Structures are given as structure tokens and as C-alpha cells.
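Take a look at the structure set out below.
In the UniProt record's numbering, the protein residues as written are 1 to 1205.
Have a look at this one:
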């Protein structure tokens, strides 16, 4: 049986919940987000304010809510999570491992999400004394939080606060000062038996505001008499109490809110128009010693500020005023550092900086009754965004750049202003800061730094370099040296970058190496000398012995290793006078046959004066690791044999420089003349080289150079493409090798200046490039192309390299309607773009009337990544209007092979799920005139049911029309029906085919898949197989004539295989064969698209099955090549399940078997967690499977690199 390996390529990006706190204990305001099945922790950059990922962890469970609490007197917040595990989970951030640690995991119910399981509502008392977790119906549990004599967090047994036959819509913890903890809930009592007995549903039950008090002395929960609420009450916002406010709770209802508290009259305030009928979708509060600040977000996308006037413990006036307008968000969070995070629903989550808090209304001013939304943000400034592909509706795979590496063209985002066609490229996004021509083509670039802090007058600096790593942000670039084949060019970096000829550098020969020592001395090495330029301007020079020249050199902050043409390798070290001097007895004489080709030296560890290793590459295809131990310098520690000549080499740790230690893993990177880079691990104590992995980067020799970006070491690899090797934030892997989305760079070095900031400098041909890396925590970068409506279908036409995009939105205005309302020309493209921007800013969430649809088609050119054309779906000749696009396919009919048609499935006056006045197949033809291309309407064809699936096969169009499969050919006035097959149980949602066997697989919305035999000569369809398990299908894709990969709306992926031909049915009901499900796996969210593609450029690369989910995730299923791989990863997965329980408390096997038991699929996401666990546990697992941690890491990285990105 085939085994598959599952990997997540991009994590889900939809964020339903977020909270803030200080989890690292450093006093910073940090942000925790969840995508439903993962946790991410962010902090803000001290200078730019941008979000920086601290850690990202998969929970292998479904997280339903988050909350934070801080024990009295503590400086650290803990994280509470509610999930499907049936456990009360408390997490603490552990700085030493840069990850979450489970502190408590108390079981209170069965796993899974049920209406009576307390796993939906979650709240923690503001004073950190108790927390409550509640179900949608009935059950509520309260836990008392405390610490023991050792200062460790303890929790009590759960105290029940159950109320039978009561539905809970909201639950919060109130600030009751240091009195008994108090909780509030919106509840609705109901009589389930009476409701079932009634033939006609009765009126909805009344809503109540119930208070639950935890008596700490009696360890008992008391439910107070509830208060009546308006029927539209839906959200609770706790109000600070004690010395900070009047306590109580704000209750949001349609069009307004009320302050309520036991024993006090309620205060009401209406939302100003145009929010007079809106609901609250998110809120955020921030408490300061002198005030508290509350924002609520309405379903129209408007932020409203809530002001509460009070005296002692009683509120006297409640007012609501307009603050700003942002895209709709699922949750809001205010960071104490002055930022607002909006977890946007259908656009990228955004971090805003508060420009002001707005002026509070004057005490005698009247309440605001209406407002005009601002055309631009007033109090907020969008500072940073997180990448988002949610909701991801469809995608296609193609090699757009022609370099053999495919890209993903993804249709994502929802509604006007957020919808886009994103081109996902594997690699790091690059922001070009400076591009300037050079007088020639350099072969290397070096960056020389200066410390902006004052130095001793003598400039020596002695040996005091302990604070060097902590002060890296105070270091800026002083000079750039470009080495040409016969000369060097020096540029001085100040407020500008200009050529420098008077600094003492040698310019008439190529520079072999250059750098800056710990005391600020600049070093330049060329063939005739080693130059040292001191801070005071003095120059010292070391020249090689007569008859020899310097061929190679390598420098760190205190040492230099120099190789001479005679084969002699020398060591120089920084002495007490502040200059590099030759170390007596530290030399290596190479043999006559040992021709040296490259040289490297390990950077200094913090607090160390000497490096441990040097490395040399020789022409005999070997790399030797040498010790720099003063007692025995240049002793060979290990040997690496390559298949090619090494051309460049680097050795370094890749963790953050502040995390460097003597026990840290050392990386050895060797560039080869054949375009292959070799990456090995070096044991820091013994110097043994192990686990060498080779990767082909391109046909040109690989140049390797070390750089540093904001304290993060980087290894730049230059060939026909540029790559970066580094430790990726939030990734469990020790290192990541990612391409740069940039032209081929032949070298790179660090760069920092006050004008440009922190970045890198590189050479591309005869150009100087200064650039920065964007979002290095992401393995993909997106090139977005805005669309007017939500993309529903993306179809690639390989012959023309065009992508056809079908778009549709419910309750949406067409851009022509928006333009007309704004007094703009509806036929002017610029006016349409202006109306789109206007809709995004002023009416971010305001829908059109119920039943209104806007739809269109677009053409995207993959060759130059540009949107060529878009137009409305509706055509004047149809006279219909108000049409929804449900499906799209590109067809070349066999009866007219010279023309390309796009057929759209259309529903007129569509009302979900399946009601419409008519269903159509609208046919367009691709036409071109000069450089312009577009789609021209040809005709419409009525179909009997919902056209949810279209598929081109054999020069014909196979269309799902309700519960029928209809086959069409092209006609002059409409599509001509060739044949049809009825009897599908519900609705045809997906169609796939295999040309070799003439088989068609049809997926039904309720009843899994069916296999049909297509007889082209007779235009006949014959049922040959079906599935035995009913499934709510969403997608199906045939891999070959017998194998189909499917996904359903519950997040299941499975591979089904047809039996042998002899066992297939003949079409009669008593001879139908059945699919055999050979693989099954739970992905986590509804599957929206499936395809198969080879993701690697080398010949013979295996195809991977790619899938996407509605939450923005893209994953891959790849087949194992050997039985040894299967056994190895099965055992690794087994031991990871047993020894590394998921953070969310859910059993991993149960999670991946959510609806159907997992079958013959190894979870690579779980296996890769091995790289982030404690080393002791790594050795335990490695011993159990008779391997080593380094070997396991190598195989994990190898299987990902071989099959996916």
C-alpha cells in the first residue's frame, strides 16, 4: 500500500482570536494569535514597530478561544486556551527554548466540540484569581488560580456552575476589585421538549444577563438573579473596576449598548448614524492608571469609541462616538506600546499605530447622533500587515518565470478592497532600497563598519569586546569595497555613498578579503599585503615573504587566516597594541599537490578572543576543517570529500548572535564549481563533520558569503539564482535555505546607515544593490494583484500562459454602481479604481441589499504577472443582471480547435443554497487585437440545475447541472448537448478526468464520488464505481486512470483507488464496484482546491499533491520513495506522538482521525517538531529509532527539499 508524507507549505492565515500580554517577562507588550490550529507569538520591533515573530507552534487541535491572566505580584502573563481537547490548558512562554510550555492540562470533558462541552467560552478574572470556561449550552466550570509555597502556579478542581436548558451567547469575567470573582453571561433559557413538540417554532426565548459569583471561602459558585436584556444583545465588554472604574459590563445590542451592573440602573447609548442598526463584531480595551480606553468595531467597519463617566462605583453617563474606519475584523487587541492589532476577516491582519486617542467629548456636549466616515484614517496609521491568503478559494500552479520552479497563483481575499490574485513565489521578498551602476563587474563586495559609540582616545580598544553583540544596532557601515579582476573600488558611506580614494586603501589590485576588527581597525587583504587602517588614520602593512603572494584570506573580529602562493597558511591575531600580528608557530604548509581554492574562519563567539575553527577547500575536491586551538593550531579535525571543486566556504552558527554559545550547532557551507552547495553540521567540541546535504542551485559556480542583518547571521549563496541560508524565526528547523525574489546576486554583505537603515549590499552584474529582506518568517512571498470581487475560480491555460479568473460577491455593489454614486464615469478604468478605493475606505463592511450580486471575469498574464483585462459577467444581450458566478472552465472544443472559450456557470437572482430564477452556461471567446486581449460574449445556454462544476475533457465540456452530468459541444447559438447522466444524490460539485483511460470522476455534495467510463464514439457515460461512505465533497482530482485525490467540506483528504479492470462494473446497479480508500488524513479546514504538480526543477522530481483550505493554508502530500523512508518516518511519528504531546492537549492520532481514522499518511508537521524539542528528548527519540538527532534533522530537511519547497 502507498504511504504519503504530509507537509504544510503555508500555515492558515485566518485569525479568529488574539490577545495581548507580557509573556516573556521582559516587560514588553506581546501579541498572541491563533489560526484555529496553531499559536503565534509576536513582539514589536523597538525602532520600526513592525511585528516580529517570536515563535509559532502547531497545536494539532482546534483552538476555540484565548485568554490571559497574571497572578498577583507576578510580572509574567500566562495563556489560557480553550480547544477540542476537553482539557483546561495553561501555557507559559519559555525563553530558553523560545517556545510555549504547558503548565497545566486538566481534563474536564470528552474530546471534540459539542454544544454541551465547555470548550467555547473562556475568560480570566482581571486580578488573576480565577478563570471560567463554558459551553454553548448548560455547562460552565470555574477554576481557582493560585501559587504554592514554591511560587509555582496551581489550579483547583473545577467548580461547576451548570444551568440546564440554558444557551450561553457570551461570557466574560468582571473586574470586582478584590471582592469575590464575578462573571457575567448572556443567556437564553429554553424548553427543548416544548420546542420539538411545537409544529410551528415559537418566538425566541428572552435574553438575560446572568451574574456568577465565585465564593472563594466556600469554594462555591452562586448565580445571581438575572437582568432582562434586549433580544438583539450579543456582546459583553467588561468595565474596569476598583480604583480604575465603576466595574460592571457593557452589553452591545443592535444599534447601541448599555452599561449594566447589579444594584444600579442601566445606562443606554445609541450608535450614531449610519451605524444605527449595526451589531458589534469585535472590541478592545486598554487600561491606564489615569483612564481606560474602549473601542468597538461594528459590522459596517466603523470603530466607535466608548466613553463612560462615573462617580466612585456608579456610571453616570455612557457615550459612543465615531473614531475611525477599518476593514472588518474578527478580533481586536490593543498593545500597551501604542498599537492596535486588527485580525481582519477577509484582508491582511493589520497593526495600526495610534496617532491619537481622539478628544473625549466635553461633559456638557450632546451625544453624537451621526457622523460622516473619514476619507482617510485620522487617529490610526497602518504600520504593518501579516501575510494573508484567507479566504483561499482556488489556485493554479505554473512556472511563470521559466526557471523550472513553479509558482502558485492563488485567488484569495473577499469582497472589494481585499480580493486579489496573489502570485506566491517560494522565497524571501526583497525590498530594493538603492540601485546604482558600477564602472565594471565586481567579483566580491565587502562591508567595513564603524561603531557610533565613542571609543578610547588611543583607538586601541584593548580586548574589551564583551558588549559587541548587544550593541550591533549602534554599528553602521563606514566603507564598501568592491573587488574587480584587476582593481578595487572603495565607497565611503555617510549621508550619501560616494567614491573614496584618500582613506589609505590599496586600489590597484583586487581585494581578497576586507573587514573591521573589534577595535575599529579596518583590514584590507590583497595579493601583495595585509593592510590595517587604524581609527586615528595610521596605516600598518604586512607583506608576504619575497617571491610569494597572498592568494586567499579570511577575517573575523580578532583573527585573520592568510594563505600564500607557496602553500603556507598563516594565522594572525589581534595583540595588545591593537594590530593583527602573526602568531608564532601557527602555520600550515600544504603539499605540492594541495592547491588551495577557498578559505574561511569561524566568527567569534561572545566573550571569546579566539575562534575555534578555520576551513580550507582544495582543488582535489576536499574540504578540511582545521583547529585554531592555541596549543595545537591548524590540526586537521575532519575531512569532507565532495564531488566537485570547492570555490567558496563559510562556517558559522546561524542562531541569533545573542544566542551563540560554545555548544551551539555550527554550520559548514561549501559552494561548488558545478553549482552545487554542500551544507554540513560541525560538532562544536570534536569538530566532526556530519550529515552533509547537497543542493543544486544553478549551472554557475556557487559563491558563499557571510552577512548579518540586525543580529541575525545569514549565509548568502549566489549562482544563477540567489539564496539565503539562515535560521528562520518561528520555524522548528535549525536552518532554512530560501531563494531571494531578486535578480541573481553574486555576493552580499551587511549594510547599515542612518539614512537607509539596516539591510544588505550586493552586486548584480555591474550594479550595486542595497536591499532589505521582508518577513523572513515567511517561506513564500506574495505579489498581489487587486480584483474587484472575490475570486471564485482560477483556471490556467498553458498554451497561452493566461489565467482566467471568475469573480463573484453576494450583497455587493458593482463598481459601475459605486462610480455612478460618486459622480464618476462608469466607463473610465481610473474612475472604477477610485470607486473601488472609496468602497474599501468609506464602506468597508456596508453590504448591498439582500439578493444583490456582482460578478466578473479577469485575464491574468503569467508571463509578466500583469492583469490584462477584466469585465462584468452580466451582458446587455442577456437582459438578466444580478448574476452570480458559480464555476468557470476554459475549453477548446474539438469541433472548433482554433478558438479558446471560457464558459461560466451562472445563477440569476441566486439565493443560497440552490435557488435561482434561472441557471445558465455563459460562453465567452478569447479575442486579441494587437497587444490587447479580452473576452467577448458568444451565447448563453440554459441548464436544468445549479452549474457548480465545469470540466473540459476530450474537446467537450462536462458540466454539473444540479444532480445531473451534462456533456456539451460548441454550437452557433448555444452549447449543444451530446449526452447526460442523471441520478446523482444531491449536487455535482467537482469533475475530473483521465485522458488515457477515458474515465471521469464526479464528486457529489453529499454522497462522495462516482467513477464513470466515457465512450467518446457513442457519447456515452457508464457508471463503473462508487464510494461506500457518504461524504460532503468539495474537490476531486484524478492522478491517473485509477487514482483520485479528494477533499471534503469537513477538512478530510483521502486518496481512493479503483479496483482492477476485471472488477469494474458494467453499469447495472448490481455490478457496481467500489473505490478502495488507500490514504486518509484530516487537514483541519474545508478543502477548496486540489491539484498535482512537480515542485522541484531537477529531472525526475516526483509530483506532489497540493491542496488548499478556506483558511489560507496550502499543503502537500508526497509519496515515499523507499521502504526505508516509510519505516523511518513511521517510527519517528510514533515516538513523537508518545513523547511530545501537542500543546492544545488533543491526542495527535485522534486529531488527524477527526472523522475517519488516519490511514497510511505520516504527518510531516509533527515530525518536524523534532527540531524544536529539548536535546535530551531528541536523544531519547533518536536512540529509540536507532539514529542520531543530527541524522533525523538531515532526513527531515532532505524529504522537504526533495519533494516540496
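From the three backbone atoms N, C-alpha and C, an ideal C-beta is built for every residue, glycine too. Just so we're clear, the structure is a prediction, and the values are computed from it rather than from any experiment.
In the DSSP output, which residue or residues are listed as bridge partners for residue i?
i: residue 681; result: 667, 690
i: residue 941; result: 921
i: residue 927; result: 934
i: residue 93; result: 100
i: residue 660; result: According to DSSP, which records beta bridges pairwise, residue 660 is partnered with nothing at all.
i: residue 208; result: 187, 228
i: residue 874; result: Bridge partners of residue 874: none, in fact.
i: residue 1052; result: 1082
i: residue 292; result: 287
i: residue 1136; result: In DSSP, residue 1136 forms no bridge with anything.
Is it the case that the Cβ atoms of residue i and residue j are separated by a distance below 7 Å?
i: residue 1209; j: residue 860; result: Since the first residue of the chain shown is 1 and the last is 1205, residue 1209 is not available in this structure.
i: residue 325; j: residue 301; result: yes
i: residue 649; j: residue 670; result: yes
i: residue 1038; j: residue 989; result: no
i: residue 806; j: residue 885; result: yes
i: residue 235; j: residue 173; result: no
i: residue 108; j: residue 88; result: yes
i: residue 981; j: residue 1021; result: yes
i: residue 313; j: residue 246; result: yes
i: residue 1242; j: residue 929; result: Since the first residue shown for the chain is 1 and the last is 1205, residue 1242 is missing from the structure and cannot be characterised.
i: residue 1036; j: residue 1072; result: no
i: residue 678; j: residue 694; result: yes
Residue i: buried (16+ other C-beta within 10 angstroms of its C-beta) or exposed?
i: residue 927; result: exposed
i: residue 538; result: exposed
i: residue 718; result: buried
i: residue 636; result: exposed
i: residue 546; result: exposed
i: residue 734; result: buried
i: residue 288; result: exposed
i: residue 466; result: With a pLDDT of only 39 at residue 466, under 50, the local geometry of the prediction cannot be trusted, and the value read off the model is given with reservation. Exposed, since its Cβ has fewer than 16 Cβ neighbours within 10 Å.
i: residue 607; result: exposed
i: residue 457; result: Here the model assigns residue 457 a pLDDT of 38, short of 50, so the residue's position is not dependable and the matter cannot be decided.
i: residue 1179; result: exposed
i: residue 395; result: buried
Let me know the secondary structure DSSP gives residue i once reduced to three states.
i: residue 1010; result: strand
i: residue 1176; result: helix
i: residue 970; result: coil
i: residue 440; result: coil
i: residue 1203; result: helix
i: residue 712; result: strand
i: residue 251; result: strand
i: residue 336; result: coil
i: residue 163; result: coil
i: residue 953; result: strand
i: residue 514; result: strand
The stretch 785 to 793 / the stretch 757 to 777 touching (three or more Cβ pairs under 8 Å) | By the C-beta criterion, the stretch 785 to 793 is judged not to be in contact with the stretch 757 to 777, since fewer than 3 inter-stretch pairs fall below 8 Å.
Okay, do the stretch 1077 to 1094 and the stretch 1149 to 1156 touch, 3+ Cβ pairs below 8 Å being the bar?
-> Flag = yes, the stretch 1077 to 1094 and the stretch 1149 to 1156 touch.
Determine, using beta-carbon pairs with one atom in the stretch 60 to 74 and one in the stretch 1105 to 1121, whether at least three such pairs fall under 8 Å.
-> Here the stretch 60 to 74 makes no contact with the stretch 1105 to 1121; the two share fewer than three CB pairs at distances below 8 Å.
Any 3 or more C-beta pairs closer than 8 Å across the stretch 557 to 571 and the stretch 582 to 591 = Because the criterion of three Cβ pairs below 8 Å is met, the stretch 557 to 571 and the stretch 582 to 591 touch.
The stretch 265 to 272 contacting the stretch 281 to 294, beta-carbon criterion three pairs below 8 Å = Verdict: no, contact absent.
Touch test, the stretch 361 to 376 against the stretch 738 to 752, Cβ-Cβ under 8 Å, three pairs minimum = Not touching, per the Cβ criterion.
Can you find at least 3 beta carbon pairs, one from the stretch 380 to 392 and one from the stretch 411 to 419, that sit closer than 8 Å?
-> Yes: at least three Cβ pairs fall under 8 Å.
Could you say if the stretch 1159 to 1169 and the stretch 1 to 11 meet the contact criterion of at least three C-beta pairs nearer than 8 Å?
-> Yes, since at least three Cβ pairs between the stretch 1159 to 1169 and the stretch 1 to 11 fall closer than 8 Å, the two stretches touch.
Can at least three beta-carbon pairs, one atom from the stretch 25 to 35 and one from the stretch 334 to 353, be found at a separation below 8 Å?
-> The stretch 25 to 35 vs the stretch 334 to 353: in contact.
Could you tell me whether the stretch 434 to 451 touches the stretch 481 to 494, where touching means 3 or more Cβ pairs closer than 8 Å?
-> Yes, they touch.
Hey, is the stretch 640 to 660 in contact with the stretch 700 to 716, meaning 3+ C-beta pairs nearer than 8 Å?
-> Short answer: they touch.
Indicate whether the contact test is met: 3 or more Cβ pairs, each with one atom in the stretch 109 to 117 and one in the stretch 131 to 140, closer than 8 Å.
-> Yes, the stretch 109 to 117 touches the stretch 131 to 140.
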